[in-house]
Amino acid sequence: MKKFVKDVLIGILVVIVVIIFEFIVTIPFGLPSEGIDRESWRKIMSREFLVTAVPAGLTTFVFALLLKTGTRADAIRRAVIWTLLLGLNYFLMGIGNDNLDLIYGNIGIVALLACAFLGPVAVIVIKKLK
Numbered sequence: 001m002k003k004f005v006k007d008v009l010i011g012i013l014v015v016i017v018v019i020i021f022e023f024i025v026t027i028p029f030g031l032p033s034e035g036i037d038r039e040s041w042r043k044i045m046s047r048e049f050l051v052t053a054v055p056a057g058l059t060t061f062v063f064a065l066l067l068k069t070g071t072r073a074d075a076i077r078r079a080v081i082w083t084l085l086l087g088l089n090y091f092l093m094g095i096g097n098d099n100l101d102l103i104y105g106n107i108g109i110v111a112l113l114a115c116a117f118l119g120p121v122a123v124i125v126i127k128k129l130k
């Protein structure tokens, strides 16, 4: 139970770092003009999530390394918890902003969540964990 709580707390930090990276990678694109239709928003959000996917994967990878992940079970537990927390974050954002269909209706969010999951899994491969 102690490991689970620790991983959830670290997962909240992971979510915050990913949101910061999401903000940073979207700065060069600028803001869309007023009156933009929902389909254009879907494309913009997909691009945003696709560009953020690699930093999200690197974030979870670095956190898994810093926490000295020692077993496959630890890595998988962290991958699942952190990915679920990221998914929950975007789910709550979608409900709060009334754009759940835009967030989960594109391939970008799938790539972001997949990369976030693969970060701790990559630690298994690199450290050859048992």
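The UniProt record's numbering puts the first residue of the sequence shown at 1, with every later residue one more than the last. C-beta: ideal position from N, C-alpha, C; glycine also.
query: Backbone CA spacing between I109 and I103 [nearest angstrom]; result: 7 Å
query: Close beta carbons around S40, own chain, < 8 Å, minus the five adjacent residues each side; result: P32
query: Rounded straight-line distance, which links the Cα of D37 to that of M1; result: 46 Å
query: Cβ-Cβ separation, A114 to F61 (assumed contact under 8 Å), whole Å; result: About 13 Å separates the two Cβ atoms, so there is no contact after all.
query: CB contact flag (A116, L86, <7 Å); result: yes
query: Spatial neighbours of G105 in its chain, beta-carbon cut-off 7 Å, leaving aside the 5 residues before and after; result: R42
query: Whole runs of the beta strand (DSSP E) within the segment 37–101, excluding any shorter than 3 residues; result: none
query: Under the three-state DSSP convention, the category E22 falls into; result: helix
query: The segment 2–19 touching the segment 76–94, judged by at least three CB pairs closer than 8 Å; result: yes
query: Cβ-Cβ separation, G119 to A64 (assumed contact under 8 Å), whole Å; result: 6 Å
query: Within 7 Å, strictly: CB atoms of F56 and V15; result: It should be noted that the sequence gives Ala, not Phe, for residue 56. Against a cut-off of 7 Å, the Cβ pair of V15 and A56 comes out as no contact.
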